[in-house]
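Asker:
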Amino acid sequence: MKLKVLTFVMISLCLLIGLFIGTQVYKHDVKQKEMEIELLKKEKDDLNESNKRLSELVKRQSKTVISDEEKQIRERSETFVRELFEMKKDTSFKSKSKQLKPLLTDDYYSTLFDGKDRYNLYDDISVNDLHVYFDVFDPKQDKIENRKTSVQLDLVRTTDGWKVDNLTRFNLQRQGR
């Protein structure tokens, strides 16, 4: 009788240990498969994002999109230069901040308009014969009779389109006139 009870306890103990080990192995396998599924989902999302970027790049390289972007760059550049350089008498540079805000990146906007407003004018300034070039500008082909200047704009593609990121101005005439 004692042997039967001992055998029963041993068999029950072995079954419980086997059940415990079996559930732990199952939990481990499930956790491993879940991690593998998460890894595959992340890889899928990364591939989808890469696919979107590449599709957008292919779209940007079509002739109509290139033409539209060139047109947008020309319009934005011309608007920016006119807004920046044309001024009326008794106006200040800082008064242009609202008109120029949608054309500029945030960093360049803060560079231009975070300083003191000390540029009050006593005469009008106007822009004539404005040309936007994509290639290197050759000032020898320019026939402007007024004071000549050239501006290089650095543009950045944003979600709102192209925005001016920096401006470099070059004086094309000798200082002595």
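Counting from -6, one number per residue, gives the positions in the sequence shown under this note's numbering.
Every residue gets a Cβ at the ideal spot worked out from N, C-alpha and C, and that includes glycine.
State buried or exposed for F1, treating a residue as buried only when at least 16 other CB atoms are found within 10 Å of its CB.
Answerer: By the neighbour-count rule (16 or more Cβ atoms within 10 Å), F1 is not buried but exposed.
Asker: Could you spell out where the alpha helix (DSSP H) holding Q54 opens and where it closes?
Answerer: Neither: Q54 is in no alpha helix (DSSP H) and is coded neither H nor E.
Asker: Is it right to say K20 is buried, meaning 16 or more other beta carbons lie within 10 angstroms of its own, or is it exposed?
Answerer: Exposed: under 16 other Cβ atoms inside 10 Å.
Asker: The alpha helix (DSSP H) spanning K81 covers which residue range?
Answerer: No alpha helix (DSSP H) contains K81, which DSSP labels as neither H nor E.
Asker: Looking at T98 and K156, is the spacing between their C-beta atoms short of 8 Å?
Answerer: The answer is yes: Cβ separation under 8 Å.
Asker: Of all the options R150, R162 and L160, which has the alpha carbon lying nearest to the alpha carbon of I66?
Answerer: Of R150, R162 and L160, the residue nearest in Cα terms is R150.
Asker: Go ahead and pull the three-state DSSP assignment for T151.
Answerer: Three-state DSSP puts T151 in a strand.
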